[in-house]
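Participant:
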Amino acid sequence: GAGVSQSPRYKVAKRGQDVALRCDPISGHVSLFWYQQALGQGPEFLTYFQNEAQLDKSGLPSDRFFAERPEGSVSTLKIQRTQQEDSAVYLCASSSFMNTEAFFGQGTRLTVV
Amino acid sequence: KNEVEQSPQNLTAQEGEFITINCSYSVGISALHWLQQHPGGGIVSLFMLSSGKKKHGRLIATINIQEKHSSLHITASHPRDSAVYICAGKAAGNKLTFGGGTRVLVKP
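Top to bottom, those sequences are chains F and Y.
For the first sequence, our numbering begins at 1 and goes up steadily by one.
For the second sequence, our numbering begins at 1001 and goes up steadily by one.
1. How is Glu85 of chain F classed by DSSP in three states: helix, strand or coil?
2. Starting from Phe1018 of chain Y, trace the beta strand (DSSP E) both ways and give me its first and last residue.
3. Excluding the five sequence neighbours on either side, which residues of its own chain have a C-beta within less than 6 Å of the C-beta of Ala20 of chain F, listed in chain order?
4. By the three-class DSSP mapping on this structure, what secondary structure does Asp56 of chain F have?
5. Might you give, ordered along the chain, the residues of its own chain that have their beta carbon closer than 8 Å to the beta carbon of Pro1079 of chain Y, omitting 5 neighbours on each side?
6. Going along chain F, which residues have a C-beta under 8 Å from Ile1043 of chain Y?
7. Give the interface partners of Ile1086 of chain Y over in chain F, defined as CB-CB distance under 7 Å, in chain order.
8. Alpha carbon to alpha carbon, how far is Lys1068 of chain Y from Leu46 of chain F? Give it in angstroms, no decimals.
9. On the DSSP bridge assignment, give the partners of Leu110 of chain F in chain order.
10. Of all the residues that make up the stretch 1031 to 1056 of chain Y, which are near chain F by a beta-carbon distance shorter than 9 Å?
11. Along the chain, where does the beta strand (DSSP E) that runs through Glu1005 of chain Y open and close?
12. Identify the contact partners of Glu52 of chain F in chain Y, using a Cβ-Cβ distance below 7 Å as the criterion.
13. Closer than 9 Å by beta-carbon distance: list the chain F residues that pair up with Gly1089 of chain Y, in chain order.
14. Determine contact between the stretch 1082 to 1097 of chain Y and the stretch 1017 to 1030 of chain Y, defined as no fewer than three beta-carbon pairs at a distance below 8 Å.
15. Inspect the beta-carbon positions of Val30 of chain F and Phe104 of chain F and report whether they are closer than 8 Å.
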């Protein structure tokens, strides 16, 4: 596709369940970002990849959050033992390189019940 | 303390009015994104600018580097412009720091 694609669009998880969120960036984009957006708030940075290297994971809120991009293209954000406070929209963005415009996916709305 | 501050938080306008959203940012931010987010939708990048002014259709974005301030203007506003507008600063490490967003409602 032409844009950043995220799946699933919506995910409902029971508390304690593990979830995996997928991001397909624009083909050829080197940089990939994950953001978390709680209801009514602006997005907050989670982690950043340049190709397959995770250069910054300072925004991951706990060790239950794990992200990977093994081949430098598709990325997966995994949340283990989900908690209610994990409920948010998870946004993925990609850009061709540093100092270039970022393109965002539609997001995955995670609801933990 | 957030490095990017937006105002106002909410804005209601009548169709046709000129709208301005302001964004102030701190030292260390090298470029500003203006983004649009519709309810239930993803984020669309409107502009990225590090100096001067950019225009696209009825949207105009300006940035004053010395004052660390940027504005997004919507001319001849239309109900379809109703959305949340977010400014985001690009800092070291290439990550974005987001403002809290401005919820714009344009009434017909």
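From the three backbone atoms N, C-alpha and C, an ideal C-beta is built for every residue, glycine too.
From a predicted model like this one, the values you see are computed outputs, not experimental measurements.
Facilitator: Put simply:
1. helix
2. Per DSSP, Phe1018 of chain Y belongs to no beta strand (DSSP E) and is neither H nor E.
3. Thr76, Lys78
4. strand
5. Cβ neighbours of Pro1079 of chain Y within its own chain (closer than 8 Å, five residues either side excluded): Glu1015, Val1106, Lys1107, Pro1108.
6. Pro43, Leu91, Ala93, Phe104, Gly107
7. Ordered by position in chain F, the residues that pass the 7 Å Cβ test against Ile1086 of chain Y are Gly42.
8. 25 Å
9. F:Lys11, F:Ala88
10. Ala1031, His1033, Leu1035, Gln1037, Gly1040, Gly1041, Gly1042, Ile1043, Val1044, Ser1045, Phe1047, Met1048, Ser1050
11. 1004 to 1007
12. The contacting residues do not exist; Glu52 of chain F stays about 16 Å from chain Y at best.
13. None at all; the shortest Cβ gap to chain F is about 11 Å.
14. yes
15. At a Cβ-Cβ threshold of 8 Å, Val30 of chain F and Phe104 of chain F do not count as neighbours.
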